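Asker: So for the sequence shown, the working numbering puts the first residue at 1282; every next one is plus one.
Please read through the structure below; I'll follow up with questions.
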Amino acid sequence: MKMVMDKNCWFKWISELQSLCQAGLAYSKDSYDIERFQRIEQIAAQMAASCSSQSANMIHEYFQVEKGYPTPKVDVRAVILQEEKILLVKERLDGLWSLPGGWVDVSESPSEAMIREVREEAGYDVKIIKLLAVWDKLKHDHPPQWPHSYKLFFYAYILSGKFEPNTEILDLDYFPLNQLPKLSIHRVTQKQIERLYQLILNPTDTQYD
């Protein structure tokens, strides 16, 4: 029987296995059940390594960082316009471009995290105008990536500040939508940027999955 491997399906199954193991290890009291969950987690890491450049040991260590009941993480991104151009930052990690943003920290609200991320990455103080969209990363054209996350996109404008290259960001610039640079599609896709721009031009309710 010929088998065709769809990486997106494999990623979904592996993520669900890891999630079940994480919850099982958090709440199980029986030593035999704990051993079973630990072994299944190792198998999930081996499965992930089979379609990844990372080793099973490295992935397994990454799985073990998260404790307790598993829930999606929250990523925030800022949409900032200048005339008909959109602000993008060049990520030091991969040399590709993205909307400024990152993970929400514990004890932060999403809007507080958004303001902090723009200040850290772009050097600007901003005012949040509107939450444009709440999208499930698994339901969009992002490459498979763990952990599962929700992406919140905020429309904002600059109050003050000045960009300086830093530990996270190499460069910053404004681009017209028809001349976008190569994007870091783990963070944002061209289709998302185009949709967000339309949500600003034609205001409507917050979009969500």
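Where is the CB? At the ideal position from N, CA and C, for every residue including glycine.
For clarity, every value in this text was computed on a predicted model and none was experimentally measured.
(1) Have a look at LEU1369, LEU1412 and ARG1400 and flag the residue whose alpha-carbon is nearest the alpha-carbon of SER1441.
(2) Would a check of beta-carbon distances place LEU1301 closer than 8 Å to chain D?
(3) Can you give me the C-alpha to C-alpha distance between LEU1451 and ARG1373, rounded to a whole angstrom?
(4) Could you spell out where the alpha helix (DSSP H) holding LYS1472 opens and where it closes?
(5) With DSSP run on the structure shown, which of helix, strand or coil describes ARG1358?
(6) Using only alpha-carbon positions, find the residue among ILE1409, CYS1290 and TRP1427 that is nearest to HIS1341.
(7) When you compare only the Cα positions, how much space is there between LEU1413 and ASN1447?
(8) How big is the Cα-Cα spacing for LEU1433 and ARG1358?
(9) DSSP beta-bridge partners for SER1503?
(10) Which value, in whole angstroms, describes the spacing of the CA atoms of ILE1295 and ILE1324?
(11) Between which two residues does the beta strand (DSSP E) containing ILE1409 stretch?
(12) Of all the beta strand (DSSP E) runs that stay within the bounds of the region 1425-1475, which reach a length of 3 or more residues?
(13) Does DSSP put TYR1489 in a helix, a strand or coil?
(14) Going straight from the alpha carbon of VAL1285 to that of ILE1409, what length do you get?
(15) In its own chain, which residues sit with a C-beta less than 7 Å from the C-beta of LEU1464, not counting the 5 before and 5 after it?
(16) With 16 as the cutoff for other CB atoms within 10 Å, does ILE1367 come out buried or exposed?
(17) Look up GLN1363 in the DSSP assignment and give the residues it is bridged to.
Answerer: Well, looking at it:
(1) As a working note, residue 1441 is residue 160 in the sequence shown. Ranking the options by Cα distance to SER1441, first place goes to ARG1400.
(2) Of the chains in the structure shown, none is chain D; there is only one protein chain.
(3) Numbered from its first residue, the sequence shown carries residue 1451 at position 170. Numbered from its first residue, the sequence shown carries residue 1373 at position 92. Cα-Cα distance, rounded: 5 Å.
(4) Reading the sequence shown from its first residue, position 191 is the one you call residue 1472. From DSSP, the alpha helix (DSSP H) with LYS1472 extends over 1471-1482.
(5) Counting from 1 along the sequence shown, the entry for residue 1358 is found at position 77. Strand, per DSSP.
(6) On the sequence shown, residue 1341 is found 60 positions in, with the first residue counted as 1. Comparing Cα positions, the closest option is TRP1427.
(7) By 1-based counting over the sequence shown, the position of residue 1413 is 132. By 1-based counting over the sequence shown, the position of residue 1447 is 166. Cα to Cα, the separation comes out at about 28 Å.
(8) The residue labelled residue 1433 in the question sits at position 152 within the sequence shown. The residue labelled residue 1358 in the question sits at position 77 within the sequence shown. In a straight line, the C-alpha of LEU1433 is about 6 Å away from that of ARG1358.
(9) The chain is shown from 1282 up to 1490; residue 1503 falls before or after that span and cannot be answered.
(10) The residue labelled residue 1295 in the question sits at position 14 within the sequence shown. The residue labelled residue 1324 in the question sits at position 43 within the sequence shown. One C-alpha to the other measures close to 9 Å.
(11) Counted from its first residue, the sequence shown places residue 1409 at position 128. 1405-1417 is the span of the beta strand (DSSP E), which, as asked, contains ILE1409.
(12) 1430-1442 and 1450-1457
(13) In the sequence shown, counting from the first residue as 1, residue 1489 sits at position 208. Here TYR1489 sits in strand by DSSP.
(14) On the sequence shown, position 4 is the one that residue 1285 refers to. On the sequence shown, position 128 is the one that residue 1409 refers to. The pLDDT assigned to VAL1285 is 49, lower than 50, so where the model puts this residue is not dependable; a value taken from the coordinates is nonetheless given after this. Going by the C-alpha atoms only, they are around 46 Å apart.
(15) For the purposes of this step, residue 1464 is identified with residue 183 of the sequence shown, where counting begins at 1. Excluding residues within five positions, the ones whose Cβ falls inside 7 Å are LEU1377, TRP1378, SER1379, THR1470 and GLN1471.
(16) Sequence index remark: in the sequence shown, residue 1367 carries index 86 (1-based). Counting Cβ neighbours within 10 Å, ILE1367 comes out buried, since at least 16 surround it.
(17) Along the sequence shown, one-based indexing puts residue 1363 at 82. GLN1363 pairs with LYS1366.
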